[in-house]
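In full-length UniProt numbering, the protein residues as written are 1 to 396.
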């Protein structure tokens, strides 16, 4: 089949990772793949994009006088959709992020339309003025209406599905298809151990928080849990523990800069020793894999995360995950079997950290079960087969 992917900005991010994986999956299934996007820079893209047929349509600016980013994104995607209808032969068109393009596709294309909803865009913006509220109300109406034009609506988790139905009242009777993001297991299998940090050569129990340096990721909870763990151990035992706070960091991003500094200062507020907490900004993929392999457990602190790929990565590498009992992790983690789902308190996180330190047999069992679960539900083959059935219109 001839399949075209329509995506706004093919850079580096979770949504882009999914589109690239989906394109590769269908390509390996024998389908003819093409990607049409509003922006693509080969120097800032996943390596696998080198093997894809990519067309860039960027006839319209990203901003108008520094404003209206969302409206411009809608127009840019609609122009790309017009190009697809006029110049690309399709059997299936897969669109994500900006549903407005579906209006054009529905009017001028007979192709099967699949829309992948990562999360309702209307919930990811602020409305801090009357003018902004009016502006967003117009865009919100377009988003809800256009999403409903797809033949198939896919979401990244059952949690997101529930949010979509709660947010878009006109879609409550529609069937939503859950297509979990996949994991590039081949990369993890081939990646060799590398040096992460000099401070990690001696600790016996390494706990890791892996998230972008953003307030919404709730990384302070990991620091508070580590401080709480100190009260449950002898001084000698706690001296063998170490917390690594790692994640994406953009030196031009004001929030990244300020929140990183807040977290560093928070270590002193909690009375933790600096030689027991390591901050790692923008680790390489090789460092990230090595760190996850060495960790006793991963502390995943976001609340109501849409899906969350970090727990999947950790489980595949055999590292238990302690995550907040909300959102996507409720679907990736089976409590007590493949990891732990904890209440949103330092005491609860510390309790499971203590358990993993003390019970080696339990940790080994969780490690094995986690790997099995990822292979069964989130591996590339399972993702490929499910997506192939979706575009063919088969029961999924």
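All C-beta atoms in this analysis are idealised placements derived from N, C-alpha and C, irrespective of residue type, glycine included.
Per DSSP, residue 209 lies in no alpha helix (DSSP H); the unbroken beta strand (DSSP E) holding it starts and ends at 205-210.
Under DSSP, residue 115 takes part in a beta bridge, and its partners are 95 and 153. By the CB criterion at 7 Å, residue 348 and residue 328 fall outside the cutoff. Non-local C-beta neighbours of residue 151 in its own chain, meaning closer than 6 Å and more than five positions away in sequence, comprise 112 and 113, ordered along the chain. Excluding five sequence positions before and after residue 276, the CB atoms of its chain that fall closer than 6 Å to its own CB belong to 242, given in chain order. At least 7 Å separates the beta-carbon of residue 209 from that of residue 225.
Rounded to whole angstroms, the separation of the alpha carbons of residue 137 and residue 193 is 50 Å.
Where residue 370 is concerned, the enclosing alpha helix (DSSP H) starts and stops at 360-377. The DSSP-derived three-state label of residue 20 is helix. When DSSP states are grouped into helix, strand and coil, residue 390 belongs to the helix group.
Under the three-state reduction of DSSP output, residue 34 falls in the strand class. Rounded to whole angstroms, the separation of the alpha carbons of residue 268 and residue 73 is 43 Å. Within the model, the alpha-carbon separation for residue 303 versus residue 85 is close to 40 Å. Residue pairing of residue 177 in beta bridges, as defined by DSSP: 154. The closest CA to that of residue 358, considering only 287, 282, 237 and 293, is found on 237. Your pair residue 10 and residue 16 checks out as a contact, with CB atoms roughly 6 Å apart and the cut at 8 Å.
Contact between the region 94-113 and the region 74-82 is present: 3 or more CB-CB pairs across the two stretches fall below 8 Å. Note that the C-beta distance between residue 144 and residue 159 is not below 7 Å. Sixteen is the threshold: since fewer than 16 other Cβ atoms of the shown chains lie within 10 Å of the Cβ of residue 235, the residue is exposed.
In this structure the region 278-287 does not touch the region 318-327; the number of beta carbon pairs closer than 8 Å is below three.
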